[in-house]
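Chains as they are written, first to last, in our numbering: chain A, 1 to 215; chain B, 1001 to 1215; chain C, 2001 to 2215; chain D, 3001 to 3215. Yeah, the Cβ is synthetic: ideal placement off N, Cα and C, and Gly gets one too. Inspection log for the structure reproduced underneath, given as structure tokens.
4 protein chains.
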Amino acid sequence: MAPPPNNKVGRARVRESVRTAYREAILEAAERVISRDGFTGVKMADIAAEAGVAAGTVYNYFKNKEAVLESIKLRGFEQIHQQMLAARALEDPLERIRSQVRGVFEYVEGRGALFTIYMQHGGVHEWIQQRIHKKGRGANQEVFARFDQLTLATLEEAVARGQVREDIALEDLAEMLGGLIDALMFTWFRQGCPPNLSEKSDLLFDMFLHGAHAR
Amino acid sequence: MAPPPNNKVGRARVRESVRTAYREAILEAAERVISRDGFTGVKMADIAAEAGVAAGTVYNYFKNKEAVLESIKLRGFEQIHQQMLAARALEDPLERIRSQVRGVFEYVEGRGALFTIYMQHGGVHEWIQQRIHKKGRGANQEVFARFDQLTLATLEEAVARGQVREDIALEDLAEMLGGLIDALMFTWFRQGCPPNLSEKSDLLFDMFLHGAHAR
Amino acid sequence: MAPPPNNKVGRARVRESVRTAYREAILEAAERVISRDGFTGVKMADIAAEAGVAAGTVYNYFKNKEAVLESIKLRGFEQIHQQMLAARALEDPLERIRSQVRGVFEYVEGRGALFTIYMQHGGVHEWIQQRIHKKGRGANQEVFARFDQLTLATLEEAVARGQVREDIALEDLAEMLGGLIDALMFTWFRQGCPPNLSEKSDLLFDMFLHGAHAR
Amino acid sequence: MAPPPNNKVGRARVRESVRTAYREAILEAAERVISRDGFTGVKMADIAAEAGVAAGTVYNYFKNKEAVLESIKLRGFEQIHQQMLAARALEDPLERIRSQVRGVFEYVEGRGALFTIYMQHGGVHEWIQQRIHKKGRGANQEVFARFDQLTLATLEEAVARGQVREDIALEDLAEMLGGLIDALMFTWFRQGCPPNLSEKSDLLFDMFLHGAHAR
DNA sequence: TATGAATGAGATTTCATTCAT
DNA sequence: TATGAATGAAATCTCATTCAT
């Protein structure tokens, strides 16, 4: 057995890692509960039970219920963002986009719950309200901005290479692409999360590039 | 004072119209409340207050809270469906689609609340759960089926006329179209319901037909 | 039997009186609970039970626990003030003071609970904090100001008639008198509220006028 | 490094002094917290934080929350008592009283928190309840008894010397004096602890001896 | 039938105390 | 022995629903 860490630094490090583990366990549990019971009625008690901790413990890690949900959302966005960044290495911008789309779909397919939150909570109404009332909480805004930037930059490169139409504003293109992604996820969700979301990514990409018109 | 209507039929008719008026007032009020405060926290008391009736009165017209929300949703879908049917007269299927899209957008633009509900309540998770657990309530299912049918029929006609690619399954096309519509609404909603949704419909239609690829 | 009030005004009046009755019943109950169990641990559930209403009902009349306690305090101050005003008719200012003192003592003797609150809650610390932090809630401040005025005016008259020393500032005299009253109540309270408080009022008055010095 | 004390006695002494230091630090911290946040809502966590120790540590020195508060109160009373004893040397009983009053005021002026506790906790209601229910805890009773004795003895001496009225019972005189002291403190507290309490002691003494009556 | 207050089950949150390290 | 997080009982508060008028 290794000697127990007797110094303060060691103990602090251990404590920190335990804290992180608890935090994560609670968030994971919350996602599972939401996946199972829906978002509208999540109960703190259920989250605690699912995480295997006492009700009060959740409050050692999160100020209140809202903070838990907010954290889930941010963590999800963060993870999607990482997923998208994984495509950076690809040289061809179109291929990069295709890969990003696939990455997002793969991530979402594994975590339907996140999407529920994305759409039902801050993801949609509350978040909108924030925008409207200008109280925009930094973290959210920033994440969305990063999404937008990533897409815009890639599209710009594609236009520069003559791969993509110039007669539509970059912003509109980005919106259509983002919208298509949302759309597919949305429809997939509406259909009860069948296990085929990521297969749709090539179809989406084809439609994005060529449209439905007969050749 | 005017003499009261003495025949039973007349009295029944008056009563019925009063009932309908109350019902509608409550539904309208509920939509306003949801638009304003978000869906997650709608309170029966708020709905009643907004409608200008007592809390108890709502229960004379709806079994419970769920019934109110369900009614809003159905009424909204119904109205969108009517909007789409208005395009039936157009001879060219592509024009019909363009018109339908515009119609839906115009309707949604005027009633963001509906969309909130569409996505946040039955429209999304709960409704999905129902599908999964096979409790599918008839009304919902039927409405969605009618949407699908309408779109499928129109697309089929367009394919038959050689206006649309044949290499993609009709169902996938319909899904992409429906998805694009959802997508635009979704993005529009995410941006705080700016007053330009219906303008986007031509852009959407163009993208649907021709895609983003450079010519 | 009188005909039931069928008009809106009548019904509103009835309702109003019922509301007032409930409010009073809750406040009375709260005082009883505090007398019995002490102030520190008052529980909303106990108050509701003592008042014979459901827990939730209390919240139809008071925003929260703090509001209940605040109301008790204000009501008590108000009632003491009324008690003091009853002495206005007396012509001799010294007799008026004697009567006021007796009145206050009689009131307090019947309601030990009020005094607890007066000293333990807003009456003492919280209220002080308010003064210090300048957030003085109007109602409290005003009540105390009225007490002070009443006493000052009476003392001024007594000085004018040559009944009271001129070599001590009016404010100091008022403070000593008020302090003596507080003091006796305080001591009485400390001794477990024995049933002799109001008898002390003449003693107090004598001491206030002549002091302890041997003649 | 200095050699560690190797004898048992020395080590025990060091340990004892460390324990005392912790105990005192916790009590001081608790007084500060109460002064700042009021008595009603003191939290063990706040006390610990203010003392710079962990929450659990407090329980190594005090059985529970009640024990902490009780200790503060006793310590305060004890210190006031010491203050009063300092006047014993004075030969003239009236001067002794004047000095005692000043001593008490000086002490209280420096530690408003004690007074809060004196009035809000055991000092007032709870403590009364104990008296009433005959559970009287020895320590409290004894402290108050000592106060009373001290005052009674001094007044008795003053009466014997013909300095104080004989027509009022010693007990009543003591009560009036004690009451006046309480009164001034009370008023001072009610006014937000202005920095002039000890100046009032001569005024109080004058009033106690001569009263408010015009000469 | 409209009213609006009462109800009380149930949710969130707090915090004194315990306990493993 | 100090630490500081876990615990969970208990308190506060909310709000859908009921019900007497």
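- By the CB criterion at 8 Å, C/Leu2197 and C/Phe2105 fall inside the cutoff.
- Cβ proximity to chain D below 7 Å picks out Leu2203, Met2207, Phe2208, Leu2209 from the region 2198 to 2209 of chain C.
- Between C/Met2185 and D/Gly3211, the gap from beta carbon to beta carbon reaches 8 Å or more.
- Only those residues of the region 2076 to 2088 of chain C whose C-beta falls short of 7 Å from the nearest C-beta of chain D would be listed, and there are none.
- Shown in chain order are the members of the region 1162 to 1182 of chain B whose Cβ falls below 8 Å from a Cβ of chain A: Gly1162, Gln1163, Val1164, Arg1165, Glu1166, Ile1168, Asp1172, Leu1173, Glu1175, Met1176, Leu1177, Gly1178, Gly1179, Leu1180, Ile1181, Asp1182.
- Only residues of its own chain outside the window of five on either side were considered, and among them Leu3170 have a CB closer than 7 Å to the CB of D/Glu3156, listed in chain order.
- For D/Val3053, the secondary structure class from DSSP, reduced to helix, strand or coil, is coil.
- Chain B places no beta carbon closer than 8 Å to that of A/Thr151, leaving this residue out of the contacts.
- Its Cα nearest to that of C/Glu2070, the residue C/Glu2031 stands out among C/Ala2087, C/Gln2149, C/Glu2031, C/Gly2038.
- For A/Gly110 and C/Thr2020, the gap between their C-alpha atoms comes out near 58 Å.
- Closest in C-alpha terms to B/Val1033, from the list B/Arg1023, B/Tyr1022, B/Ala1045, comes B/Ala1045.
- Contact with chain A is found for B/Thr1040, since one of that chain's Cβ atoms lies less than 8 Å from the residue's Cβ.
- Not a single C-beta of chain D is nearer than 8 Å to the C-beta of C/Thr2154.
- A residue is called buried once 16 or more other Cβ atoms fall within 10 Å of its Cβ, and C/Lys2043, having fewer, is exposed.
- Among the CB atoms of chain D, one or more fall inside 8 Å of the CB of C/Thr2187.
- D/Gly3211 reaches chain C at Arg2165, Asp2206, Met2207, Phe2208, Leu2209, His2210, Gly2211, Ala2212, His2213, counting residues in chain order whose Cβ is nearer than 9 Å.
- According to the DSSP assignment, D/Ser3099 belongs to the alpha helix (DSSP H) that extends over 3093 to 3110.
- In the structure shown, the three-state DSSP call for C/Val2042 is coil.
- The bridge partners DSSP lists for A/Val164 are B/His1213.
- Residue state for A/Phe62 is assigned as coil, using DSSP reduced to three classes.
- With contacts defined as CB atoms closer than 8 Å, C/Gly2103 and C/Ala2089 fail to qualify as a contacting pair.
- Flagged as an interface residue toward chain A: B/Leu1184, by a C-beta distance shorter than 8 Å.
- Taking 8 Å as the cut-off, the Cβ atoms of C/Glu2016 and C/Ala2029 do not count as close.
- DSSP places C/Ser2198 in the coil class of the three-state scheme, outside both helix and strand.
- In terms of Cβ geometry, B/Ile1097 and B/Leu1027 do not form a close pair [threshold 8 Å].
- Scanning its chain for C-beta atoms nearer than 6 Å, with the 5 sequence neighbours on each side dropped, one finds around D/Val3068 the residues Ala3030, Phe3062, in chain order.
- Going by C-alpha positions, B/Thr1057 is about 54 Å away from C/Asp2182.
- B/Leu1027: member of the alpha helix (DSSP H) spanning 1008 to 1037, first to last residue.
- Of the other Cβ atoms in all chains shown, 16 or more fall within 10 Å of the Cβ of D/Ala3174; this residue is therefore buried.
- If you draw a 10 Å sphere on the C-beta of B/Ala1158, you find 16 or more other C-beta atoms in it, and that means buried.
- Between C/Gly2179 and D/Leu3180 the beta-carbon gap is near 7 Å, inside 8 Å, which marks them as a contact.
- Between B/Val1053 and B/Leu1204 the beta-carbon gap is near 41 Å, outside 8 Å, which marks them as no contact.
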